[in-house]
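Chemist: Residue numbers (this note's numbering): 712 to 1028. Every residue gets a Cβ at the ideal spot worked out from N, C-alpha and C, and that includes glycine.
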Amino acid sequence: MNEIIIELEAITPKEFFGAQNANIELLKKYFPKLKIVARGNKIKAFGDEELLEEFDRRINMLLKHFVKYNKLDENVIERVLTSQSSDDYTTSKQSGEVIVHGVGGKLIKAQTANQRKMVELMRKNDMVFAIGPAGTGKTYTGVALAVQALKNKEVKRIILTRPAVEAGENLGFLPGDLQEKLDPYMQPLYDALRDMIAPEKLAHYIENGTIQIAPLAFMRGRTLDNAFVILDEGQNTTHSQMKMFLTRMGKNAKFLLTGDPGQIDLPRRTISGLKEALLILKSVEGVGMIFLDDKDVIRHKLVKKVIEAYKNIENAD
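1. Look at F727 and F766 and say whether their C-beta atoms are less than 8 Å apart.
2. What is the DSSP secondary structure of Q731, counted as helix, strand or coil?
3. Taking the alpha carbon of L664 as the point to measure from, which residue in T872, T793, G729 has its own alpha carbon closest?
4. Confirm, please, whether the CB-CB distance from E714 to F742 is below 8 Å.
5. Please report the residue range of the beta strand (DSSP E) in which P926 lies.
6. What does the alpha-carbon distance come out to for the pair D943 and K1016?
7. Which ranges does the alpha helix (DSSP H) cover as unbroken runs of at least 4 residues, wholly within the stretch 732-756, from first to last along the chain?
8. For N825, is the classification buried or exposed, using 16 other Cβ atoms within 10 angstroms of its Cβ as the cut-off for buried?
9. Have a look at K739, E865, K744, I819 and flag the residue whose alpha-carbon is nearest the alpha-carbon of N781.
10. Buried or exposed, going by whether 16 or more other CB atoms sit within 10 Å of the CB of T981?
11. For V791, does the three-state DSSP call read helix, strand or coil?
12. I'd like to check one pair, A749 with N732: are the Cβ atoms closer than 8 Å?
13. Look at the alpha carbon of V809 and the alpha carbon of M712, and state the distance between them as a whole number of angstroms.
14. Decide if S951 is buried, meaning its Cβ has at least 16 other Cβ atoms within 10 Å, or exposed.
15. Assign L990 to one of two classes, buried (16 or more other C-beta atoms within 10 Å of its C-beta) or exposed (fewer than that).
16. Per DSSP, M907 forms a beta bridge with which residues?
17. Please go through the same chain and pick out, in chain order, the residues whose beta-carbon is closer than 7 Å to the beta-carbon of R931, but skip the five residues on each side of it.
18. Under the three-state reduction of DSSP, which class applies to G999: helix, strand or coil?
19. Which value, in whole angstroms, describes the spacing of the CA atoms of K828 and I1001?
20. Determine, using beta carbons only, whether F966 and V940 come nearer to each other than 8 Å.
21. When the Cα atoms are used, what is the spatial distance from F840 to K746?
22. With burial defined as no fewer than 16 other Cβ atoms inside 10 Å of the residue's Cβ, what is the status of Q859: buried or exposed?
23. Mapping the DSSP letters down to three states, classify A964 as helix, strand or coil.
24. Which of the three DSSP states, helix, strand or coil, is assigned to A855?
25. Buried or exposed for G883, please, with buried defined as at least 16 other CB atoms from any protein chain shown within 10 angstroms of its CB.
26. Grab me the residues of D676's own chain with a C-beta within less than 7 Å of its C-beta, minus the 5 sequence neighbours each way, in chain order.
27. Whole angstroms are fine: how far does the CA of E911 sit from the CA of L904?
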């Protein structure tokens, strides 16, 4: 029987193996034909030579990830072990870097292959569409890129917007004035910003207009220049709203449009402006498009399973 021994250098075995060797147990599920033993700072595997070569390659990808991010969990292991090739998962020097240093020293980085592609696309294009299901980090990565551009003085302001279509709720029934009604709806954008900018500074930026968070209707008639602009939940725009937004682009502007075509809250028979724009602009030079999928989900591991379960039902229909 063939054997390979992988020695962990400058890595704490307990952190790499996981609590009660949970990460090693997951590896065993993906390589059921190999006998895998983890002891001390070594991982031993016994079995067919071809399988051992593949195991060695995947373990090295996991080690590289751990060294870079000091983190290994079930989602990461699944992404590494199910990626079609090393190109899907390996990073270029540029894309693997910290996007922004967040509050409390938190390092904000793109965590998946598609998120890294999104970062690279945003550097190469002035307009990028990031499409994918919930939890794939579209908005969070986008906000990080916007904060980075502001800190580097590449833009003078950040503008974050969403179409005011409620997911089965009605803003009119919420208490308070318009701003108080809209704040909960814009909460995901505030949450991302709070991870990246200290509270006092964030409050100052919002007060002086350096950071603006507003519903899409507030963009009408404006020219958005020297700005990093994010349209979130773009699947809930109509044809006219999307056209209005895209034509707001001014000088030295970056536009990022995110959305999930599988979660449209528009009235029935209303065409999604996002779906239409993807078709119309797919061949336009300077427009980048990245399609994230359930392999990019970085929320709780159940989110991926929920997405898959719904996908099965919707495909059956």
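Modeler: Short version:
1. Taking the first residue of the sequence shown as 1, we reach residue 727 at position 16. Taking the first residue of the sequence shown as 1, we reach residue 766 at position 55. Cβ distance not < 8 Å, so F727 and F766 don't count as in contact.
2. Locating residue 731 in the sequence shown gives position 20, counting from the first residue. Reduced to three states, the DSSP call for Q731 is helix.
3. Here the chain has residues from 712 to 1028 only, and residue 664 is not among them.
4. Along the sequence shown, read from residue 1 onward, the residue named residue 742 stands at position 31. Along the sequence shown, read from residue 1 onward, the residue named residue 714 stands at position 3. No, these two residues do not count as a Cβ contact at 8 Å.
5. Indexing the sequence shown from 1 puts residue 926 at position 215. Its beta strand (DSSP E) spans residues 922-926.
6. The sequence position of residue 943 within the sequence shown is 232, counting from 1. The sequence position of residue 1016 within the sequence shown is 305, counting from 1. Looking at the two C-alpha atoms, the distance is approximately 24 Å.
7. 733-741
8. For the purposes of this step, residue 825 is taken as the residue at position 114 of the sequence shown. N825 should be labelled buried.
9. Here residue 781 refers to the residue found at position 70 when the sequence shown is read from its first residue. Ranked by how close their Cα comes to the Cα of N781, the residues K739, E865, K744, I819 have I819 in first place.
10. Locating residue 981 in the sequence shown gives position 270, counting from the first residue. Classification for T981: exposed.
11. Along the sequence shown, one-based indexing puts residue 791 at 80. Reduced to three states, the DSSP call for V791 is helix.
12. On the sequence shown, residue 732 is found 21 positions in, with the first residue counted as 1. On the sequence shown, residue 749 is found 38 positions in, with the first residue counted as 1. Cβ atoms of N732 and A749: closer than 8 Å.
13. Position 98 of the sequence shown holds residue 809. Position 1 of the sequence shown holds residue 712. So the alpha carbons of these two residues sit roughly 43 Å apart.
14. The residue labelled residue 951 in the question sits at position 240 within the sequence shown. S951 should be labelled exposed.
15. In the sequence shown, counting from the first residue as 1, residue 990 sits at position 279. The residue in question, L990, is exposed, as its Cβ has fewer than 16 Cβ neighbours within 10 Å.
16. Here residue 907 refers to the residue found at position 196 when the sequence shown is read from its first residue. Partner(s): none; M907 has no beta bridge.
17. By one-based count along the sequence shown, residue 931 stands at place 220. If you ignore the 5 residues before and after R931, its C-beta comes within less than 7 Å of the C-beta of M955, all in its own chain and listed in chain order.
18. Here residue 999 refers to the residue found at position 288 of the sequence shown. In this structure, G999 counts as strand in the three-state DSSP scheme.
19. Indexing the sequence shown from 1 puts residue 828 at position 117. Indexing the sequence shown from 1 puts residue 1001 at position 290. Cα to Cα, the separation comes out at about 7 Å.
20. Position 255 of the sequence shown, counted from the first residue, corresponds to residue 966. Position 229 of the sequence shown, counted from the first residue, corresponds to residue 940. Contact flag set, yes.
21. Here the question's residue 840 lines up with position 129 in the sequence shown. Here the question's residue 746 lines up with position 35 in the sequence shown. Going from the Cα of F840 to the Cα of K746 covers about 44 Å.
22. Counted from its first residue, the sequence shown places residue 859 at position 148. Per the 10 Å Cβ criterion, buried.
23. Taking the first residue of the sequence shown as 1, we reach residue 964 at position 253. The three-state secondary structure of A964, taken from DSSP, is coil.
24. Here residue 855 is taken as the residue at index 144 of the sequence shown, counted from 1. In the structure shown, the three-state DSSP call for A855 is helix.
25. Residue numbering aside, residue 883 sits at position 172 when the sequence shown is read from its first letter. With a pLDDT of only 48 at G883, under 50, the local geometry of the prediction cannot be trusted, and the value read off the model is given with reservation. With fewer than 16 other beta carbons inside 10 angstroms of its own, G883 counts as exposed.
26. Since the first and last residues shown for the chain are 712 and 1028, residue 676 lies out of range.
27. The sequence position of residue 904 within the sequence shown is 193, counting from 1. The sequence position of residue 911 within the sequence shown is 200, counting from 1. So the alpha carbons of these two residues sit roughly 12 Å apart.
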